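Numbering (the numbering used here), first residue to last: 37 to 374.
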């Protein structure tokens, strides 16, 4: 197994999908951007050839402008190329490296760059990954980025200077039955000051095992007050409480002597609805926004009594990245990419 978190895992065989994505929110305009480089190698029974794709989505809170802009280009798998040292991934003319991404198609384009943080985080415990117990693996090669450059769609061009975001890599054989995901590295204190060297990235999934619903399983990683937080042990992810819907999520996670309680809110008008395809041909329906809001409460275990002591609150209004997915479309929400 490659050690580099961004290394392409596909070995050319059927039954595999792989995704690289960047999410960011511009602090000045409030516009959120989600860019994906993907590949899909269907199983023979799915009746589809292998393919690569580029995805570009904007969630825009500004008055008078479309709240969601969504584009996708599906391409031949022959246009996917990867290099390991140094890492680079090309899909047609679009490029992703550990220091940035450039590309474009139709009326959208992007040229973004960042300085790597040097820290990697993973949601699947190494034991479970080695056992092959997870249908999908999620890695964060660059969880806490300050991003420069521009994105453009139609006549709109957004110049970025220090936009907060993160780049992730996931791969596997099957999406979950349902899930919620959160990323935020633009947290602020109650007084409005930036929470330095802080981020959170969480996922909660329900799957099917032996014909029965299993979960939710809720791994959470982050960094608070300069200390990493990894609530990913096999026992802990089952005990972390979680309840999610298309427009909200509340969860708790514990790591050692620390606990977080997080509440997420999403505006349904700025949910970009897209369709994912599994290697076996089954569809999943995802609703994503880069302009969600969160409130995060941090606790530490009280030494004397063994309970929890509240130590800090941080928040992000319109600066968090949230996704909800399930196996059927949500009737009242628009599917922008089918």
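Even for Gly, the Cβ is constructed at its ideal location relative to N, Cα and C.
These figures come from a predicted structure and were not determined experimentally.
Three-state class that DSSP yields for residue i in the structure shown
i, result
"residue 150", "coil"
"residue 40", "coil"
"residue 135", "coil"
"residue 372", "coil"
"residue 292", "coil"
"residue 359", "strand"
"residue 129", "coil"
"residue 48", "coil"
"residue 349", "strand"
"residue 81", "helix"
"residue 114", "helix"
"residue 306", "helix"
Cβ neighbour criterion (16 or more within 10 Å) applied to residue i
i, result
"residue 25", "Here the chain comprises residues numbered 37 to 374, so residue 25 is not present and cannot be evaluated."
"residue 287", "buried"
"residue 110", "exposed"
"residue 163", "exposed"
"residue 368", "exposed"
"residue 117", "exposed"
"residue 265", "buried"
"residue 172", "buried"
"residue 47", "exposed"
"residue 222", "buried"
"residue 358", "buried"
"residue 267", "buried"
"residue 199", "buried"
"residue 356", "buried"
"residue 345", "exposed"
"residue 332", "buried"
Other residues of its chain near residue i: CB distance less than 6 angstroms, five sequence neighbours each side excluded
i, result
"residue 86", "77 and 113"
"residue 124", "133"
"residue 68", "61, 95, 326 and 327"
"residue 93", "70, 106 and 308"
"residue 138", "131 and 147"
"residue 289", "256, 267, 276 and 296"
Nearest-angstrom Cα separation, counted from residue j out to residue i
i, j, result
"residue 121", "residue 337", "43 angstroms"
"residue 295", "residue 350", "14 angstroms"
"residue 377", "residue 297", "There is simply no residue 377 to check, as the chain begins at 37 and stops at 374 in what is shown."
"residue 370", "residue 339", "50 angstroms"
"residue 262", "residue 158", "18 angstroms"
"residue 313", "residue 227", "44 angstroms"
"residue 43", "residue 150", "18 angstroms"
"residue 352", "residue 50", "41 angstroms"
"residue 275", "residue 129", "44 angstroms"
"residue 99", "residue 306", "12 angstroms"
"residue 448", "residue 234", "Because the chain in this structure spans residues 37 to 374, residue 448 falls outside the shown range and cannot be described."
"residue 271", "residue 191", "50 angstroms"
"residue 237", "residue 103", "24 angstroms"
"residue 282", "residue 324", "9 angstroms"
"residue 136", "residue 343", "44 angstroms"
Extent of the continuous alpha helix (DSSP H) to which residue i belongs
i, result
"residue 270", "270-275"
Close beta carbons around residue i, own chain, < 8 angstroms, minus the five adjacent residues each side
i, result
"residue 363", "213, 214, 318, 319, 320 and 321"
"residue 244", "213 and 250"
"residue 315", "50, 51, 52, 53, 76, 77, 78, 79, 82, 209 and 210"
Residue i, enclosing beta strand (DSSP E) - first and last residue
i, result
"residue 163", "Counting along the chain, residue 163 falls outside any beta strand (DSSP E), though it belongs to the alpha helix (DSSP H) covering 162-167."
"residue 201", "192-208"
"residue 250", "248-253"
"residue 143", "Residue 143 -> no beta strand (DSSP E), and no H or E assigned at all."
"residue 177", "172-189"
"residue 229", "No beta strand (DSSP E) holds residue 229; DSSP gives it neither H nor E."
"residue 7", "Residue 7 lies beyond the residue range present for the chain, which begins at 37 and ends at 374; the question has no answer from this structure."
"residue 265", "263-267"
Cutoff 7 angstroms; reference residue i; Cβ partners in own chain excluding five residues on either side
i, result
"residue 37", "Low per-residue confidence applies at residue 37: pLDDT is 42, beneath 50, and the placement is therefore not dependable, though the value from the model is reported in the following sentence. There are no such residues."
"residue 373", "106, 108, 310 and 311"
"residue 284", "300, 301 and 302"
"residue 225", "231 and 350"
"residue 73", "56, 90, 125, 127, 130 and 132"
Distance cut-off 8 angstroms: residue i Cβ against heavy atoms of the ligand NAP
i, result
"residue 137", "As for the ligand NAP, it is missing from this structure, which has no ligand bound."
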